[in-house]
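Residue numbers (the working numbering): 144 to 363.
This report concerns only the one structure given below.
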C-alpha cells in the first residue's frame, strides 16, 4: 500500500484529491496538511511514501517544505510530487532544485494523477508535458559548459540507450519493453547510470539527456 500525505491550503481541494486517490486499492491518504510546517510534523508521524504538495501556502511554502524534507533523515527517502497551478519556469526550477521528484499541474486527469503517485513511490519522475517542454526549451538556450563528448565520456552503448529513454520520460517498465529487458533490470541500469553521472535523481537524468543532445527538446 502506497501512503500519501496531501499538502495544500485549500480544504475542498484536499478532500477532492483524497477521493481520487482512495478509490485505488493500492493508494491511501494517511494525512492532510494545510502548509509545509504541518506537512513536516505529520510526515514524521505517518512516514508517507509520497508527499503530494502545493507550492503557494501560508506559514511555510512548498519550496521550503521540500528542502526541509530532504534534510530530515526520517523523511528524505519519501518522494515529493508537486501538484500546483503554477507553471512558471522559476517555480519549476526552484521546486526541482529543492529536491522535488516530479512536477504536475492541477488540470491533470484523475487516472494520470494516480499513475504519477505510483511512479513517484517507485522512484520515477513525472513532469507535466507542458512544464517539461518549457524546461527543455530553457535548458536548450543555456550555454553548454561541457562538450557532448565530455558529458557522455565513459558511457557504454547500453548506458546511452537507457539515458535516451529516460530523457523521453519513459518509466522503467516502458524502458524494459523498448529494450527487451525486465523492469528490474531497467531499474538497475538507471541506478547505475545515476551513479556514473552523479545525478541525484531521475529528473536530473532527464536534464542531462537533453543537455547532451540525446533528446530534441523541440520535438513532442
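Idealized CB from N, CA, C, for every residue including glycine.
Check                                                                                                                                                                                  : Outcome
Consult DSSP for residue 337 and reduce its assignment to one of helix, strand or coil.                                                                                                : helix
Using three-state DSSP, classify residue 228 as helix, strand or coil.                                                                                                                 : coil
Between which two residues does the beta strand (DSSP E) containing residue 347 stretch?                                                                                               : No beta strand (DSSP E) holds residue 347; the alpha helix (DSSP H) holding it covers 345–354.
I need the straight-line Cα distance from residue 286 to residue 350, nearest angstrom please.                                                                                         : Any reading at residue 286 must be qualified, since the residue scores a pLDDT of 47, below 50, and its modelled position is unreliable; no value is offered.
On a CA-only basis, which of 215, 159, 175 and 356 is nearest residue 147? Give me that one, please.                                                                                   : 175
Excluding the five sequence neighbours on either side, which residues of its own chain have a C-beta within less than 7 angstroms of the C-beta of residue 189, listed in chain order? : 146, 148, 173 and 174
Could you pull the start and end residues of the beta strand (DSSP E) that residue 174 belongs to?                                                                                     : 170–176
What's the call for residue 297, buried or exposed, on a 16-neighbour Cβ count within 10 Å?                                                                                            : exposed
So the alpha helix (DSSP H) residue 358 belongs to, where does it begin and stop?                                                                                                      : Counting along the chain, residue 358 falls outside any alpha helix (DSSP H), and DSSP gives it neither H nor E.
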